[in-house]
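Working notes for the structure below.
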Amino acid sequence: MRPYRSRLHRVLRLRSVTDGLARLALRPDERERIAQQLGREPTLVEWYAFDAQWSEHCSYKSSRRHLAKLPTSGPGVILGPGEDSGVLRLGRRQGEEYAIVIAHESHNHPSQVVPFEGAATGIGGIVRDVLCMGAEVIALADPLRFGRAGDPNSHACSVARGAVDGISAYGNAIGVPNLAGDVYFHEGFDENCLVNVVALGLVKEPEIVHSFVPKGAAGWAIVLVGKATDASGFGGASFSSGTLDVADDDSNKGAVQVPDPFLASVLMRASYRVFAMLRERGLVVGYKDLGAGGIMGCSAELCSSGGFGARIELDAVNAALPGLAPEVLAVGETQERLCWALPQEIVADVLRIYNDEFSLPQIARNACAVVIGEVTAEPRYVLYHRGEIVMDVDIDLLTGSIRDDLPVQPCVARPSVDPAIADRRLAAVQSQADLAASLLAHRDVASREPLYRRYDRVVRGATVIPRGVADAGVLAPIPGSPLGVALAVAGNPRYGALDAQRAAELAVVEAVRRVVAVGARPIGLTDCLNFGNPRQPEQYAQFLAAIDGLSAGARALELAFVSGNVSFYNESALGRAVPASAIVACVGACDDLSTLRLPNVGDSGDRLVLVGAHAGALGGSVAAALLGIDEGLPEVDLGAECALHAQVQGIGSCARVVGDGGALATIAQMLFGADERLGVRFTPGLALRTLLAESNGFVVVQPSAEPPAGIVLGTVTGDAVMQFPDESVVAVADLKALWSASLEDIYP
Amino acid sequence: MKTRYVAVRLKIPDNQAYTALVVLQRLGIALGQVERSEIYEREEEAGGAAELARRTMRDESVFNPNKHTLAVLEQNVPRTGEVWIEECDTPRAPNRPRYIGWRLFLTDGTPADRATIEAATTRLLCNPAIERAIM
Amino acid sequence: MNRRIAVLVFPGTNSEGETLRLLRDLGADAQLVHWSRPQELAAYGAYVLPGGFAYEDRIRAGAIAAHDHLMDAVIDGCAKGKLVLGICNGAQILLEAGLVPGTAAARRPTAAFTHNAPQPHFICRHVYVKLASAPMRSAITASLDEGALIPAWAAHAQGRLAAGPEHLAELVEGAHVAFVYAHPDGRVDEQAVPNGSALGCAGLVNREGNVLALMPHPERDAWNVNHLQRRVGEALFAPSGGAVLFESFVRAVQRA
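Residue numbers (numbering that gives the first Met the number 0), protein chains in the order written: chain A, 0 to 747; chain B, 0 to 134; chain C, 0 to 255.
Next up, the structure:
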C-alpha cells in the first residue's frame, strides 16, 4: 500500500499559496455563503472550523432531512438521536429506572489505511460517546465488512487482520466485553472495508448527563480532559467526507489517529468518579466526546445546543508539543479527549479527580484536565490564540443545520429472473451432503470463533450468553437483578449489492429476530448507513432507498432508531462504491434472565421445525453464490412479523434464526453446539430450496408429541450424521471441522 | 545472500517508548529519550540494502507507511545506545521481530553509555527468565 | 488478626469490579485500593491483584506494575506472611515482582507468563483448571478438595509459563505448580492447554504457600447467571462454579 496524502502539508501549502483555499473540502458556494454571513474574509482558523463543521461527517448535510423519515420515538425511548448516544428504557429494579445507552458509528476510512489504529480508535470513540452520557460502558459490538482476504499478502487481508487486532487491543484493555458482531468477506469491500462499532452503557434514568449545557450556564467553565492535543488526526472530518485518495506522499503523520486504550481506561474510571460526585451534589452539567472537529466542534456543539456561546483560550490547551498552529489546536482530532461544561464551584474538585486521584499527567504525556474557556451568554463562538482573536463567528452559523439538496436518480429495477433457471441448478446438485460441506466452509457461514476468540467477551463478570453461542449476546448488567440486556447486529452485503431497500428492511428483521430468538424483548434499534458517494445520483438513490427499507422494517415492528451514523464516500479512487450497507443493531430487554432460551438442539426424536418461512427466494444467499443462481431477495411479510415473534416466544424450547447459509446452516450450527452423538435426518423429499433460503424465519425445536408449528425440516437422531433429503449423508464431526477451520487462515 | 537487520519504528507517537522512559526515570536512570524498534531478520538479495528496504516496505505484515519508518542497519549489532531484547523460546516467524531494540538517549541527547544501558536492562527492559539482552 | 482484603487497582486494571463483588458476596471485608493511595495498603491483611492490563502491558505484561508503589506494600506484606492472590494480569505482576515462585530476590523474576504459543494472539476461551498440588500446600487452596476442578475463562495474550530449564525444574521440585489446565472431565493433556504453557501450568504458588498466581479468571464464571448450563430454579446470583477458589481464599484470610 502507499501512504495517503497529508493534511498537514495542505496547511503548509495553504499558507504559502494564495489560492490555497481550493484545497479545503468546502465548495465555492459554501465558501461564499460563509464570507457573506461573516461580512468579511474568514481567518484561516475559521476556514478550517467551517471546513470541519460543514463537512458531511459533522453536518449530515446530504442525509439529515432523509433521516427524518426514520421512526425515532416510542414508549421505550428515553432519548432519541441528537446527542452523543440514544437512551432506551431497560426496566425497574428496587425503585430505580435503569436505562441502556447506545451509540453506533463507523470508522471505515481510517481502518482502510491504518487498520489497527483506525479500528482501535473507532472503539475508543464509540466508548466515549456512551461514557459522556453519564453511563458505565458495559458492552461492545463490531459489525465488520472486509474484502476477499484469502491472499495473506493482499491489503484486504492485512486490513481484515489489523482491524480485528485493533478492536481486540482496545476493547480488551479497557475491559468492556465484546457481546455481538458479525463479519462478511465480499469483493465489494476489497478497497473499502467497513468497521462499524456499537457500544452499550448502563445508567439510571435520572442520572443521564446530556451533551449540552443546561439553563443558567453562562459563566461556567469549559474543561478539556484527556490526551494532549497534537497534530494527529488533523483534518479527519473532511478526510472521511472525501473519497479515499491514495497518493504518494511519504511524510504523513497528520490523519493517523493514535489509540491509547491505557489512557482511555483511566479516563473512564475517573469519569465514573466524577459522575458519583455530581450525583452526590445533585448537579446537572454538560459532557461531550471530542470527535470530528476537535475542541472547536465539541465545545461549539456543547454550548450552542444549550443556546449559549463559548470563549476558548487555545493557549490553555494542553498541547503535546509547543508551537502548534491555532487551526491544529482548534480542529485537530487527537483521540481520548472529552469536554465538560461545569459550574465554577466544582471545577477544582473535578480537576483534582482527574489530575491527582487518577494522575492523568503520569498516564500519558501532558494528559490532564484543564480549564480552556467559558460558556458565554452571547451566542458567538470566539477563539483566542496568543492574545489575539483568531475566530469570532455566530455559533449557530457554525453548528446550525446546513443542507445539500442533491440530485437523485431512481434505483434501476433489476430485470426479473426466470425461477426455472434456479430450479434447474438446484435439481443438478449431485450430493446435498457435498453442498452442505461447501456451504458451511463458506467464509460468510464458517465459525467466527477464530475472530472473536481474540475479544474478551466475559470481562466484568456479567456475561450470561457470550458472543458466538446463540443468535444474540446477553448480559446481566445489574448485579443481583434478574434484568438482562441482549444485543445483536445484522446487515447482509450480498443483499445490499442486489437491492438496497430490501437489504435494509431485512437487516432490521434479522437483528430483531436474533434478539427474539434468545427470549428477549426488542426495545430499540440503531443504524449505521455505509454508502458510496452521495454526489453520484445512483449511489445517493441507494442511500435513500435504504432509509425507506429501515423505516418500513422498524415501523412494522414498532421500534425506533435512537442512534445512528451515516458514512458516505465509501468508494475507491476509481469510483467503485461498497455494496449498500445499512447495518442495524437491536437491543433487547429481558425481565427475568432465568427465562432466557439457551441454545440446544433438543434430543433424539425431537423435531426441527421451520416457522415464518417465505416462498424460498434464494437471491443474495450463500447457496446462490455457490450455485450461480440469480434471483430476487427474499420477501418477508412485515405485517406478520410481530405475530411470528409471539409464536416463537410461545414455543418453549430453543429457537434459532435462519440467516447466512439458510436453515441447513442453522441446523448444522445447532448440532455443532450440542452433544456430539446427535445428528439430524432431514424430511425425505423436502425441497432443497427450503433448506437453503435465507432470512427464512426460525428453526424451533419441538417434541414429536406436539403438533408441528410449521414445516418439519427433520428429526434429531442419535447417530451423529446429517442425512439429507436426497439420502446423501455426512458426519456432523466432518462438517464441524470444515466450518471451524475456514477462517483460520485469516485469523490463525 | 547475507543476513541483514531491518529496524522498523513508529513515526506516530509511541506510547510504549514513552512509558519506558517515564518508568526508567522513576527508577533513577537519567534518560532524556527512549526509542523502540522492532528488529527483523532478513536476507539481502540482489540490489543490496536499498532493495531490501523496498521489499520490506511492501510487506504489510510488518510495515505500514502511514505509521512506520524503516532502516536497514549498517551492522548486525545494536546501534550506539541500544540494547536488543530477544525472547529465548518464542518460535521464529518472518512477521515477528527477532529482537525488540531499545535505544536510550541521555538528557543531553547523546546515546546512553554502557553502564546506563545495563542498568535499564537489568531493572526493567529484560526478564532474564525468558529473555536475553544483546548490547 | 486482620481480615480486611485490599483489591489493588493499578492504572489499566479492569477486573476490579467483579473481583470485589465476588469477595463481598462471599462475606469478605474487601475494599478497592487505588494506585494513588499506596500508603493505605499496610492496613490490610490480604491482597488481591485483579485482572486487566496494568500499564497496558507495556514492555512486558506486569513489568511496570511490578515497580509500582502499590507493590512495595505487597512485597513487604508477602514477607510477613500475608495472603496474596493474583489473577491473570495480577498473576503476571506477581511473577514480574519475583514473589512467585519467590525463589530469588524481589523484582528479580525467575519465570514469566509470556506470549501465548503457537499463536501469540489474545485468546478468550472457557477452560477448567485442576488443583495439581496438595490442597494444604497453600493456605489459599486449603479448603479445596484434592484435585479440585474449577471452571474459569482464559482471557490473555501472555499466559504461557516460560522459564529456563533449571528454573522449570525448580518449579517441579518445589511443588510450585498449583493448577494445571484440564478437560471438563478432569483429564489432563496437551490439548487442554490453551496457550502452550510449560508444564500445562495455569497457576503457581510461592515456596511458603501464601502467594498464588493464577492465569484464568474463575471470577468470570462465579455466579449461577454466568453458567451456560445452569439449572432452572437456582438463584441467579448465588456464587458457584469458579467461586470455590475465592471462597477458599476468603476462608484462609478469615482463619489467618
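Ideal placement from N, C-alpha and C gives every residue a C-beta, glycine not left out.
C-beta atoms of C:Val-210 and C:His-175 nearer than 8 Å: Working through the third sequence from its first residue, we reach residue 210 of chain C at position 211. Working through the third sequence from its first residue, we reach residue 175 of chain C at position 176. No.
Per-residue burial, C:Gln-38 [other beta carbons within 10 Å of its own, 16 or more giving buried]: Indexing the third sequence from 1 puts residue 38 of chain C at position 39. By the Cβ-count criterion, C:Gln-38 is exposed, with fewer than 16 other Cβ atoms from all chains shown falling within 10 Å of its own Cβ.
C:Ala-225 classed as buried or exposed, judged by whether at least 16 other C-beta atoms fall within 10 angstroms: Against the third sequence, residue 225 of chain C aligns to sequence position 226. The sequence given here has Asn at residue 225 of chain C, not Ala. By the neighbour-count rule (16 or more Cβ atoms within 10 Å), C:Asn-225 is buried.
CA nearest to the CA of C:Asp-28, picked from C:Glu-169, C:Tyr-46 and C:Tyr-127: Residue mapping note: residue 28 of chain C aligns to position 29 of the third sequence, counting from 1. If we check each option's Cα against that of C:Asp-28, C:Tyr-46 comes out closest.
Backbone secondary structure at A:Pro-747 - three-state DSSP: To locate residue 747 of chain A, count along the first sequence from 1; it is residue 748. Looking at A:Pro-747 - three-state DSSP - the assignment turns out to be coil, as it is neither helix nor strand.
Straight-line gap, A:Pro-706 to A:Val-511 (C-alpha atoms, nearest Å): As a first step, residue 706 of chain A is located in the first sequence; it is residue number 707 there, counting from the start. As a first step, residue 511 of chain A is located in the first sequence; it is residue number 512 there, counting from the start. A direct Cα-Cα distance of roughly 26 Å separates A:Pro-706 from A:Val-511.
Inside the region 18-79 of chain A only - alpha helix (DSSP H) runs reaching at least 4 residues: Correct list: 27-37, 43-52, 55-58 and 63-66.
Status (buried if at least 16 other CB within 10 Å, exposed otherwise) for A:Glu-135: Position 136 of the first sequence holds residue 135 of chain A. Of the other Cβ atoms in all chains shown, 16 or more fall within 10 Å of the Cβ of A:Glu-135; this residue is therefore buried.
Under 9 Å (Cβ pairs) to chain C, residues found in the region 329-358 of chain A: Listed in sequence order: Asp-355, Glu-356, Phe-357 and Ser-358.
Listed by chain order, chain C residues near B:Gln-15 by CB distance under 9 Å: Position 16 of the second sequence holds residue 15 of chain B. Against chain C, the beta carbon of B:Gln-15 has neighbours under 9 Å at Glu-55, Arg-57 and Ile-58, listed in chain order.
Straight-line Cα distance separating A:Val-196 from A:Arg-88: Position 89 of the first sequence, counted from the first residue, corresponds to residue 88 of chain A. Position 197 of the first sequence, counted from the first residue, corresponds to residue 196 of chain A. Distance between the alpha carbons of A:Arg-88 and A:Val-196: 21 Å.
Same chain only: Cβ atoms within 8 Å of A:Ala-168, ignoring 5 sequence neighbours per side: Position 169 of the first sequence, counting from 1, holds the residue named residue 168 of chain A. So the list reads Phe-115, Ala-119, Pro-258 and Pro-260, once near-sequence residues are dropped.
Distance between C:Leu-227 and A:Gly-180 (C-alpha atoms, nearest Å): The count along the first sequence starts at 1 and reaches residue 180 of chain A at position 181. The count along the third sequence starts at 1 and reaches residue 227 of chain C at position 228. C-alpha separation (whole angstroms): 20 Å.
Where A:Ser-703 falls, given that 16 or more other Cβ within 10 Å makes a residue buried: Within the first sequence, numbered from 1, the residue matching residue 703 of chain A stands at position 704. Of the residues assessed, A:Ser-703 falls on the exposed side of the cut-off, its CB having fewer than 16 other CB atoms within 10 angstroms.
According to DSSP, residues forming a beta bridge with C:Ala-251: As a working mapping, residue 251 of chain C is identified with position 252 in the third sequence. In DSSP, C:Ala-251 forms no bridge with anything.
C:Asp-24 - containing alpha helix (DSSP H), residue span: Here residue 24 of chain C is taken as the residue at index 25 of the third sequence, counted from 1. Run containing C:Asp-24: 15-24, per the alpha helix (DSSP H) assignment.
Inter-residue CB distance, A:Phe-211 and A:Gly-290 (contact presumed, cutoff 8 Å): Counting from 1 along the first sequence, the entry for residue 211 of chain A is found at position 212. Counting from 1 along the first sequence, the entry for residue 290 of chain A is found at position 291. With 8 Å as the limit, A:Phe-211 and A:Gly-290 do not qualify as a contact, their Cβ atoms being about 15 Å apart.
Chain B within 8 Å of C:Ile-74, Cβ atoms only: The sequence position of residue 74 of chain C within the third sequence is 75, counting from 1. Taking Cβ atoms only, chain B never reaches closer than 8 Å to C:Ile-74, which makes this a no.
Cβ neighbours of A:Cys-585 in the same chain (closer than 6 Å, five flanking residues each side left out): Your numbering for residue 585 of chain A matches position 586 in the first sequence. For A:Cys-585, where only same-chain residues beyond five positions count, the Cβ hits under 6 Å are Ala-487, Ala-510, Val-511, Val-514, Pro-521 and Leu-524.
Neighbour list for A:His-154 in chain B, Cβ cutoff strictly below 8 Å: For the purposes of this step, residue 154 of chain A is taken as residue 155 along the first sequence, with counting starting at 1. Under the 8 Å cutoff, chain B gives Glu-59.
Within-8 Å CB hit, A:Phe-567 to chain B: The residue you call residue 567 of chain A lines up with position 568 of the first sequence. Not an interface residue.
N-terminal and C-terminal residue of the beta strand (DSSP E) that A:Cys-338 is part of: By 1-based counting over the first sequence, the position of residue 338 of chain A is 339. Residue range 336-341 is occupied by the beta strand (DSSP E) that includes A:Cys-338.
A:Tyr-353, DSSP secondary structure in three states: Within the first sequence, numbered from 1, the residue matching residue 353 of chain A stands at position 354. Here A:Tyr-353 sits in helix by DSSP.
Contact list for B:Ala-118 against chain C, beta-carbon separation under 9 Å: As a working note, residue 118 of chain B is residue 119 in the second sequence. Within chain C, no C-beta atom comes less than 9 Å from the C-beta of B:Ala-118; the nearest is roughly 13 Å away.
Below-8 Å beta-carbon distance, A:Arg-364 vs any chain B residue: Counted from its first residue, the first sequence places residue 364 of chain A at position 365. Yes, A:Arg-364 lies at the interface with chain B (some Cβ there is under 8 Å from its Cβ).
Cβ pair A:Arg-688, A:Gly-619 closer than 8 Å: As a position in the first sequence, residue 688 of chain A is number 689, starting the count at 1. As a position in the first sequence, residue 619 of chain A is number 620, starting the count at 1. No. Outside cutoff.
7 Å CB neighbourhood of B:Gln-74 in its chain, flanking five on each side removed: As a working mapping, residue 74 of chain B is identified with position 75 in the second sequence. There are no such residues.
Inter-stretch contact at 8 Å, needing at least 3 Cβ pairs: the region 569-588 of chain A / the region 530-541 of chain A: Yes, they touch.
Same chain, Cβ closer than 7 Å to B:Glu-40, five either side skipped, listed in chain order: As a first step, residue 40 of chain B must be located in the second sequence, where it is residue number 41. Contacts found: Thr-2, Tyr-4 and Arg-97.
Extent of the continuous beta strand (DSSP E) to which A:Asp-526 belongs: Here residue 526 of chain A is taken as the residue at index 527 of the first sequence, counted from 1. Unbroken beta strand (DSSP E) run through A:Asp-526: 520-529.
Supposed close pair C:Ala-297, C:Gln-157 - CB separation, criterion 8 Å: With chain C covering 0 to 255 only, the question about residue 297 of chain C has no answer from this structure.
B:Leu-124 at chain C interface by Cβ criterion, 8 Å: Position 125 of the second sequence holds residue 124 of chain B. Interface flag for B:Leu-124 against chain C is set, since a Cβ pair is found closer than 8 Å.
Sub-8 Å separation of A:Lys-203 and A:Glu-82 beta-carbons: Walking along the first sequence from the start, residue 203 of chain A turns up at place 204. Walking along the first sequence from the start, residue 82 of chain A turns up at place 83. At a Cβ-Cβ threshold of 8 Å, A:Lys-203 and A:Glu-82 do not count as neighbours.
Per-residue contacts from B:Lys-66 into chain A (C-beta, under 7 Å): Position 67 of the second sequence, counting from 1, holds the residue named residue 66 of chain B. Here the neighbours are Val-113, Glu-116 and Val-255.
A:Ala-318 beta carbon less than 8 Å from that of A:Ala-759: Here chain A covers residues 0 to 747 and nothing more, so residue 759 of chain A does not appear.
Cβ shell of A:Gly-146 (< 6 Å), same chain only, five flanking positions each side left out: Sequence index remark: in the first sequence, residue 146 of chain A carries index 147 (1-based). So the qualifying residues of the chain are Ala-155, Phe-188 and Asp-189.
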